[in-house]
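*Asks:*
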Amino acid sequence: EDKVVQSPLSLVVHEGDTVTLNCSYEVTNFRSLLWYKQEKKAPTFLFMLTSSGIEKKSGRLSSILDKKELFSILNITATQTGDSAVYLCAVLPSGGSYIPTFGRGTSLIVHP
Amino acid sequence: KAGVTQTPRYLIKTRGQQVTLSCSPISGHRSVSWYQQTPGQGLQFLFEYFSETQRNKGNFPGRFSGRQFSNSRSEMNVSTLELGDSALYLCASSSVGQETQYFGPGTRLLVL
Chain A
327 EDKVVQSPLS
337 LVVHEGDTVT
347 LNCSYEVTNF
357 RSLLWYKQEK
367 KAPTFLFMLT
377 SSGIEKKSGR
387 LSSILDKKEL
397 FSILNITATQ
407 TGDSAVYLCA
417 VLPSGGSYIP
427 TFGRGTSLIV
437 HP
Chain R
115 KAGVTQTPRY
125 LIKTRGQQVT
135 LSCSPISGHR
145 SVSWYQQTPG
155 QGLQFLFEYF
165 SETQRNKGNF
175 PGRFSGRQFS
185 NSRSEMNVST
195 LELGDSALYL
205 CASSSVGQET
215 QYFGPGTRLL
225 VL
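Protein sequences appear in the order of chains A and R. Numbers 327 to 438, taken from our numbering, label the letters of the first sequence in order. Numbers 115 to 226, taken from our numbering, label the letters of the second sequence in order.
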C-alpha cells in the first residue's frame, strides 16, 4: 500500500521566519509528487516534481525531490500571515491508474 | 476560464438518507475525480471518471457511486448515509495528459 507521511503535523511561526515542510513516501511505482496549499476549502496546486535534485521555485516558495531517499521538502522563506494554510503532499504512481495518495498535511500558522 | 464548481456547498442530512453532489469541471477538462476529506483520515480518493467511464476507484463501500455525463459534469451519490460520512467532498478536474488537478470549493456534508 502506498504511503505518504508529512511532518511536522503542525507548525506555528512568526512573520519573517523560514519554514521547511517534509514529505516522505513509499510507493510501488513512482511517477510524480505534488504539493498543494489548502486555505479554507479547495486545495490549490503549488508544484509538481518528477526528477531528483531539480528545485522548483515560485516566489518565496521552493521545493525539491530526492527520489533516492524518497522525500521532498517545501520551503517557505520570509513567511507572511497569508501563508497560513494546510500544505498537502501527494504522490502519483506510474502506470495507467491515476490514484493519488495524499499525506495528512502540515498545518502552518503564521502570526504577525 | 471558470474554475471547478460544486453544488450544493453545504448539506445537512440524517442517517439513512441518500445524497447527490454535483461537480462541473473546468471547460475542456474531461477527467473528474472525487475525494473525501475528514480530520481523521485526511484526503482520500473516491473515484475518477473520464469520458463518462469510471477509470479508477478508491477503497470505499458500494454506497458511494458516481457518474459522468457527456458534457463532463459529474455527480456523486451516497446512499444510506452514516454519521461517518460527514466530511468535505472535493471534486477535481484535469485535462488529458495533465497530472495537475484543479479542485473545486467542496461540498460540506453533515449527517445527523
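Ideal Cβ positions, reconstructed from N, Cα and C, are used throughout, including at glycine.
Strictly under 8 Å for the Cβ-Cβ distance: is residue 413 of chain A near chain R by that measure?
*Replies:* Not an interface residue.
*Asks:* Below 8 Å CB to CB, which residues in the same chain sit around residue 127 of chain R once its five sequence neighbours on both sides are set aside?
*Replies:* Only 133, 195, 223, 224, 225 and 226 meet the Cβ criterion.
*Asks:* Inspect the beta-carbon positions of residue 430 of chain A and residue 360 of chain A and report whether they are closer than 8 Å.
*Replies:* Their beta carbons are not under 8 Å apart, which means residue 430 of chain A does not touch residue 360 of chain A by this criterion.
*Asks:* So, using beta-carbon positions, are residue 176 of chain R and residue 191 of chain R closer together than 8 Å?
*Replies:* No. Outside cutoff.
*Asks:* Would you say residue 356 of chain A faces chain R, with C-beta separation under 8 Å as the test?
*Replies:* It does not: the Cβ of residue 356 of chain A has no partner Cβ on chain R nearer than 8 Å.
*Asks:* Residue range of the beta strand (DSSP E) that residue 171 of chain R falls in?
*Replies:* Element bounds for residue 171 of chain R: 167-171.
*Asks:* Note the first and the last residue of the continuous beta strand (DSSP E) segment covering residue 383 of chain A.
*Replies:* Note, residue 383 of chain A: beta strand (DSSP E), 382-384.
*Asks:* Using a beta-carbon distance cut-off of less than 9 Å, what residues from the segment 186-216 of chain R approach chain A?
*Replies:* Listed by position along the chain: 202, 204, 206, 208, 213, 214, 215 and 216.
*Asks:* Can you give me, in chain order, the residues of the segment 148-160 of chain R that have a beta carbon less than 7 Å from any beta carbon in chain A?
*Replies:* Of all residues in the segment 148-160 of chain R, 156, 157 and 159 have a Cβ within less than 7 Å of some Cβ in chain A.
*Asks:* Where in the segment 350-405 of chain A do unbroken runs of the beta strand (DSSP E), each at least 3 residues long, occur, reported from the N-terminal end onward?
*Replies:* DSSP runs (the beta strand (DSSP E)) wholly in the segment 350-405 of chain A: 356-364, 369-375, 382-384, 387-392 and 397-402.
*Asks:* May I ask you to list the residues that DSSP assigns as paired with residue 134 of chain R?
*Replies:* According to DSSP, which records beta bridges pairwise, residue 134 of chain R is partnered with R:191.
*Asks:* Alpha carbon to alpha carbon, how far is residue 119 of chain R from residue 135 of chain R?
*Replies:* So the alpha carbons of these two residues sit roughly 11 Å apart.
*Asks:* Look at residue 362 of chain A and residue 330 of chain A and say whether their C-beta atoms are less than 8 Å apart.
*Replies:* Not closer than 8 Å, so no.
*Asks:* Residue 92 of chain R touches chain A at which residues, Cβ-Cβ below 8 Å?
*Replies:* Residue coverage of chain R in this structure runs from 115 to 226, which leaves residue 92 of chain R outside it and unanswerable.
*Asks:* Can you tell me which of R:172, R:149, R:182 and R:174 puts its alpha carbon nearest to the alpha carbon of residue 164 of chain R?
*Replies:* Answer by Cα proximity: R:182.
*Asks:* Which residues in chain A sit within 7 Å of residue 162 of chain R, going by Cβ to Cβ distance?
*Replies:* Near residue 162 of chain R (Cβ distances below 7 Å), the residues of chain A are 424.
*Asks:* Should residue 402 of chain A go down as buried or exposed, given a rule of 16 or more other Cβ atoms within 10 Å for buried?
*Replies:* It is buried - the Cβ of residue 402 of chain A has at least 16 other Cβ atoms within 10 Å.
*Asks:* Please report the straight-line C-alpha distance between residue 436 of chain A and residue 368 of chain A, rounded to a whole angstrom.
*Replies:* Rounded to whole angstroms, residue 436 of chain A to residue 368 of chain A spans 20 Å at the Cα level.
*Asks:* Suppose contacts are defined by Cβ-Cβ distances below 8 Å. Is residue 162 of chain R in contact with residue 374 of chain A by that definition?
*Replies:* No, the Cβ-Cβ distance between residue 162 of chain R and residue 374 of chain A is not below 8 Å.
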